[in-house]
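At position 167 of the sequence shown (counting the first as 1) the number is 167 in the numbering used here, and the numbers step up by one without a gap.
Think of the CB as a built atom: it goes at the ideal place given N, C-alpha and C, for glycine as much as any other residue.
These numbers come from a predicted model, not from an experiment.
Here the structure is laid out as structure tokens; the discussion comes afterwards.
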Amino acid sequence: MTFDKLNRRTHLYLGLVLAPWFLLYAASGFILNHAQWFQHPGNAAKWTRTFDRPYRLPASSDSDDEDALAEKVLRDQGLSGRYRADFDEDGNLTILRAKLSGNIRLTYYPREGRIVREDQQPHLDQLLTAAHFRAGFEYPFFLEILWGTMIDLLIVSSLLWIATGIYLWWKLKRFRLWGGVALAGGVVSFLLLVLGL
């Protein structure tokens with residue numbers, strides 16, 4: 001197989017592999033850029049109470065912070081994954097288990113010995129923007145690590161896709177002029193905006 005043919009196939013298949021990710025970032029970018037179109041009264045996703053039942057954590061030591069307690073609560077409820085935890089002024093522990101498909105809020109009332117679970121199903125625009133900003137490797141869970149790895153692969157693939165596209169443009173002599181105009185226009189407009197804003 002010649003290098004030209006390998007380059008064309010790489011460009012083609014990378015475009016197909018990247019399609020769902022580009023669609024995700026295009027749709028979420030549109031929502032973020034036109035946020036006022038999606039912010040209407042009553043548009044916030046509602047919380048639905050799933051249960052309110054007796055529950056007590058074992059006596060905790062002073063070294064147990066909200067994260068240590070939150071992990072115990074999540075484990076007892078059969079949950080794991082990315083979360084945020086805080087105590088309120090009354091000493092109740094609120095844990096938000098953040099998922100793309102829907103959030104879970106657990107509120108543990110230690111004085112009353114009970115726990116409340118509420119679920120929130122996000123609207124499509126909220127799901128897409130949450131996916132847009134989800135990144136990193138700070139959470140030691142398989143799906144979180146897989147998502148971060150996919151983002152890294154997306155970055156490398158995007159750079160490779162650009163490189164193969166530029167090579168294709170240069171090899172097709174009859175398109176060099178208009179391809180050069182397009183490339184120059186993109187670079188100039190980008191620089192003007194970056195330097196001007």
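Collapsed DSSP secondary structure at residue i in the structure displayed
i: A59; result: coil
i: G82; result: Looking at the sequence provided, one finds Arg at residue 82 rather than Gly. Looking at R82 - three-state DSSP - the assignment turns out to be coil, as it is neither helix nor strand.
i: R75; result: helix
i: F38; result: coil
i: L183; result: helix
Endpoints, the alpha helix (DSSP H) within which residue i is located
i: D152; result: 142-171
i: L124; result: 124-133
Beta-carbon gap between residue i and residue j smaller than 8 Å
i: Q120; j: W47; result: yes
i: T50; j: R117; result: yes
i: L96; j: Q77; result: no
i: L14; j: W161; result: yes
i: F142; j: R82; result: no
i: A135; j: L24; result: no
i: A68; j: R84; result: no
Cβ separation of residue i and residue j, assumed to be a contact under 8 Å, to the nearest whole Å
i: Y55; j: R111; result: Actually they do not touch by this definition, with Cβ atoms about 12 Å apart.
i: V73; j: Y108; result: 6 Å
i: E71; j: F87; result: At roughly 15 Å, the Cβ-Cβ gap does not stay under 8 Å, so E71 and F87 are not in contact.
i: S123; j: A45; result: Reading off the sequence, residue 123 comes out as His, not Ser. So it is a contact: roughly 6 Å between Cβ atoms.
i: V17; j: S158; result: Not really, about 11 Å apart at Cβ, beyond 8 Å.
For residue i, the first and last residue of its enclosing beta strand (DSSP E)
i: E209; result: The requested residue 209 does not occur in the structure, where the chain is confined to residues 1 to 197.
i: P20; result: No beta strand (DSSP E) contains P20, which is instead part of the alpha helix (DSSP H) from 3-33.
i: D52; result: 47-54
i: L106; result: 103-109
Heavy atom of the ligand HEM within 7 Å of residue i beta-carbon
i: P54; result: No copy of the ligand HEM appears in this structure; indeed no ligand is present at all.
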